[in-house]
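Trainee: Here it is, the structure in full.
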Amino acid sequence: MQRLGSDPPGPFEERVGYSRVVRCGPHVWVAGCTSVDETGVVLGVSPGNQARLALAAVQRALEAVGASLADVVRTRMYVTDISRWEEVGLAHGEVFGAVRPVTAMVGVSALLDPRMLVEIEADAYINA
616 MQRLGSDPPG
626 PFEERVGYSR
636 VVRCGPHVWV
646 AGCTSVDETG
656 VVLGVSPGNQ
666 ARLALAAVQR
676 ALEAVGASLA
686 DVVRTRMYVT
696 DISRWEEVGL
706 AHGEVFGAVR
716 PVTAMVGVSA
726 LLDPRMLVEI
736 EADAYINA
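Shown next as structure tokens:
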């Protein structure tokens, strides 16, 4: 089993005690990614922009364990303002339009930092 943190490490992984990504055989799980940089600064001001940054973090995590966006079979999107769901959905479609994983988008009251508007998780299966 391969457990990795972000590269560079995010501000919460060690403190909270979790891995950014875990790979066990062909299965890969990516923890919730946001638009936070390695120093803890929340980047992006719109849900769409934050979703794009979160998806880039998902991609980096997948690649760290030998997977790719094409291997993703499921995503979960958590959005603090569900009325702006379409911005997040369009960002997801830009990345996964051809892959078409199963997904859920859930409106939540808040994320860890009030400036965070979107968090995205991904599960992948590497069919080698």
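If you read the sequence shown in this note's numbering, its first letter stands for residue 616, the second for the next number, and so on.
By construction, the Cβ of each residue, glycine as well, lies at the ideal position given by its N, Cα and C atoms.
Taking DSSP as the reference, what is the three-state secondary structure of Glu736?
Mentor: If DSSP states are grouped into helix, strand and coil, Glu736 belongs with the strands.
Trainee: Under the three-state reduction of DSSP, which class applies to Gly655: helix, strand or coil?
Mentor: Note: Gly655 maps to coil in three-state DSSP.
Trainee: Are the Cβ atoms of Ala666 and Val733 separated by less than 7 Å?
Mentor: Yes.
Trainee: Bridge partners of Val703, per DSSP?
Mentor: Per DSSP, none; premise fails for Val703.
Trainee: Mark Val721 as exposed unless 16 or more other C-beta atoms lie within 10 angstroms of its C-beta, in which case mark it buried.
Mentor: Flag for Val721 reads exposed.
Trainee: Going by DSSP in three states, Val688 sits in which element: helix, strand or coil?
Mentor: Strand, per DSSP.
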